[in-house]
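K.L.:
Before I ask anything, here is the structure I am working with.
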Amino acid sequence: MSFSRISGFAALGFAVLIVLSNAIAVPAGLPTPGADIGEVGAFFSAKGDVVAVASALTPAAWALATLFGAGGVAALWR
Numbered sequence: 088m089s090f091s092r093i094s095g096f097a098a099l100g101f102a103v104l105i106v107l108s109n110a111i112a113v114p115a116g117l118p119t120p121g122a123d124i125g126e127v128g129a130f131f132s133a134k135g136d137v138v139a140v141a142s143a144l145t146p147a148a149w150a151l152a153t154l155f156g157a158g159g160v161a162a163l164w165r
């Protein structure tokens, strides 16, 4: 399997993880950007279990984004 194919799958995996983490956090009441700091604090203190599950996906998304970026650089380098 070529590196460009691996980086393509990494891009798909990254997108899936981002959508999945939003699908977990948004229905739980994730505050919108620009929300009052009190609302944000209340969400993160009351919904700690939801935040923990959504945050657990972040390291995998970061690794997949790195692979995708490396594949993009490799494709453009040629």
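Quick note on the numbering used here: the sequence shown kicks off at 88 and runs consecutively.
Where is the CB? At the ideal position from N, CA and C, for every residue including glycine.
All of these numbers come straight from a predicted model, not from anything done at the bench.
Can you tell me where the alpha helix (DSSP H) holding P146 begins and where it ends?
P.N.:
Taking the first residue of the sequence shown as position 1, residue 146 is located at position 59. First-last of the alpha helix (DSSP H) with P146: T145 to W164.
K.L.:
Give the secondary structure of V113 by DSSP, where H, G and I count as helix, E and B as strand, and everything else as coil.
P.N.:
Against the sequence shown, residue 113 aligns to sequence position 26. Looking at V113 - three-state DSSP - the assignment turns out to be coil, as it is neither helix nor strand.
K.L.:
If we ignore side chains and look at the alpha-carbon of each, how far apart do F131 and V137 end up?
P.N.:
On the sequence shown, position 44 is the one that residue 131 refers to. On the sequence shown, position 50 is the one that residue 137 refers to. C-alpha separation (whole angstroms): 9 angstroms.
K.L.:
Check D123 in the structure and name its three-state DSSP category.
P.N.:
On the sequence shown, residue 123 is found 36 positions in, with the first residue counted as 1. The answer is coil: DSSP assigns D123 none of H, G, I, E or B.
K.L.:
Reducing DSSP to helix, strand and coil, say where S89 ends up.
P.N.:
Against the sequence shown, residue 89 aligns to sequence position 2. Here S89 sits in coil by DSSP.
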